[in-house]
Amino acid sequence: MVLIKKVILFIFSTWRRTQLLALRVLAKLHIISTPYHPLPWVNLRIKKNREKSIFDRWQCIEEQIQESRSSVLDVGCNVGYYSISLARKGHYVVGVEGGWASVAIATCARDVLGVHNALFHRLDLTPDNIDSLPSFDYVIMLAVFHHWCRSYGKEPGITMLKTLCRKVKKGIIFETGQPDTASRKYVDALPDMGDDVLEWLLNFFTAEGFNSAESMGYFQSRHLIVARR
Ligand SMILES: C[S@@+](CC[C@H](N)C(=O)[O-])C[C@H]1O[C@@H](n2cnc3c(N)ncnc32)[C@H](O)[C@@H]1O
């Protein structure tokens with residue numbers, strides 16, 4: 089029985105490795121979208137400078153989620169670098185992502201690594217379904233808000249973010265393309281954040297009932313914010 093179990097596990101893991109390899113080849117050939125994250129544990133790498141900024145952000149996120157076994161929602165998780173990193177630390181993580189290929193890569197990498205406490209799901213968050221999300225101790229939402237504003241409009245984007253804030257029990261870690269630094273197509277889509285984008289962002293989260301909101305740094309022309317209950 090034990091031997092049969094081992095054989096089945098081996099077949100499953102080999103199947104996942106093969107799927108992961110096939111997805112990476114498709115991404116290299118630009119048939120599916122290129123991963124935004126590295127997954128160093130399975131040797132998936134991206135450009136050095138992008139990798140560094142993702143690792144730097146991870147250091148900030150890691151410092152903010154000190155409690156063990158928190159529940160974390162990773163909005164627009166892409167191929168899951170932050171989700172898998174958090175799960176490896178023992179947190180229960182749900183990664184929600186609109187791109188099927190990114191979800192497939194994240195899921196295969198998770199299975200190859202034998203990480204059991206991360207769940208990835210393919211879901212386009214919209215103004216209609218955002219309220220159906222459950223509450224989490226922490227939400228991380230990096231580089232997604234400007235996509236919402238572009239897809240659904242400024243006001244619906246802001247309403248979605250406000251709805252998401254209501255799902256946060258302890259803290260939210262947030263970053264967005266900014267009107268002062270984003271490319272034209274996003275500048276036009278984003279709300280006017282005035283001359284001081286950082287102040288606008290901090291005021292937004294305090295107005296949403298967070299007790300504190302502060303910047304953790306400035307990465308690739310964007311403020312990384314943490315707001316806590
Ligand atoms: C620029 S990437 C950021 C990835 C990751 N959050 C980070 O900052 O490293 C934006 C991701 O959000 C996803 N996304 C954008 N709009 C979305 C939506 N409405 N619902 C779910 N995922 C979305 C995209 O597919 C993409 O993977």
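Start counting the sequence shown at 89; every next residue gets the next number (this note's numbering). Every residue, glycine too, gets a C-beta built ideally from N, C-alpha and C.
Legend entry - Residue of H125, D268 and R198 minimising C-alpha distance to A175: Nearest option by C-alpha distance: R198.
Inset, instruction - Tell me, please, which residues DSSP counts as bridged to L207. - result: In the DSSP secondary-structure assignment, L207 is bridged to V182.
Inset, instruction - With hydrogens ignored, establish whether the beta-carbon of H204 is closer than 7 Å to any heavy atom of ligand 1. - result: H204 Cβ: outside cutoff for every heavy atom of ligand 1.
Inset, instruction - Please find out if some non-hydrogen atom of ligand 1 comes closer than 7 Å to the beta-carbon of H118. - result: Between ligand 1 and H118, a heavy atom-to-CB distance of less than 7 Å is absent.
Legend entry - R210 versus A115 - alpha carbon distance: Rounded to whole angstroms, R210 to A115 spans 18 Å at the Cα level.
Inset, instruction - Return the residue from the list C148, I153, H179 and T195 that minimises the CA-CA distance to G168. - result: The candidate whose alpha carbon is nearest that of G168 is T195.
Legend entry - P126 burial status per 10 Å Cβ neighbour count (16 or more: buried): So P126 ends up on the buried side.
Inset, instruction - Would you mind listing the alpha helix (DSSP H) stretches within the segment 217 to 301 that are 4+ residues and don't spill past its ends, in chain order? - result: Restricted to the segment 217 to 301, the alpha helix (DSSP H) segments that are unbroken, complete and at least 4 residues in length are 233 to 240, 242 to 253, 272 to 277 and 285 to 295, listed in chain order.
Inset, instruction - Please state whether DSSP places D199 in a helix, a strand or coil. - result: Judged by DSSP in its simplified three-state form, D199 adopts helix.
Inset, instruction - Can you tell me which of the three DSSP states V167 falls into? - result: Correct three-state label for V167: coil.
Inset, instruction - State yes or no: is the C-beta of L289 within less than 8 Å of the C-beta of R145? - result: No Cβ-Cβ contact shorter than 8 Å links L289 with R145.
Inset, instruction - Verify the contact flag: E185, CB atom, against every heavy atom of ligand 2, threshold strictly below 7 Å. - result: In terms of ligand content, the structure shown lacks ligand 2 and carries ligand 1 instead.
Legend entry - beta strand (DSSP E) segment containing I92, residue limits: For I92, there is no enclosing beta strand (DSSP E); the enclosing alpha helix (DSSP H) covers residues V90 to K116.
Inset, instruction - With hydrogens ignored, establish whether the beta-carbon of D212 is closer than 7 Å to any heavy atom of ligand 1. - result: Yes - ligand 1 has a heavy atom lying nearer than 7 Å to the Cβ of D212.
Inset, instruction - Answer yes or no: do S309 and T269 have a C-beta to C-beta separation smaller than 8 Å? - result: Contact: yes.
Inset, instruction - Examine the Cβ distances between the segment 159 to 167 and the segment 212 to 231 and report whether three or more of them are shorter than 8 Å. - result: Output reads yes: the segment 212 to 231 touches the segment 159 to 167.
Inset, instruction - Starting from R157, follow the beta strand (DSSP E) in both directions and report where the run begins and ends. - result: It is not in any beta strand (DSSP E) - R157 carries neither H nor E in the DSSP assignment.
Inset, instruction - Under 8 Å by Cβ, that's how I've got V314 and I261 pegged, so tell me the actual separation to the nearest angstrom. - result: At roughly 5 Å, the Cβ-Cβ gap stays under 8 Å, so V314 and I261 are in contact.
Legend entry - Sufficient close CB pairs (3 or more, under 8 Å) joining the segment 170 to 186 to the segment 137 to 151: The segment 170 to 186 and the segment 137 to 151 touch, with no fewer than 3 CB-CB distances between them shorter than 8 Å.
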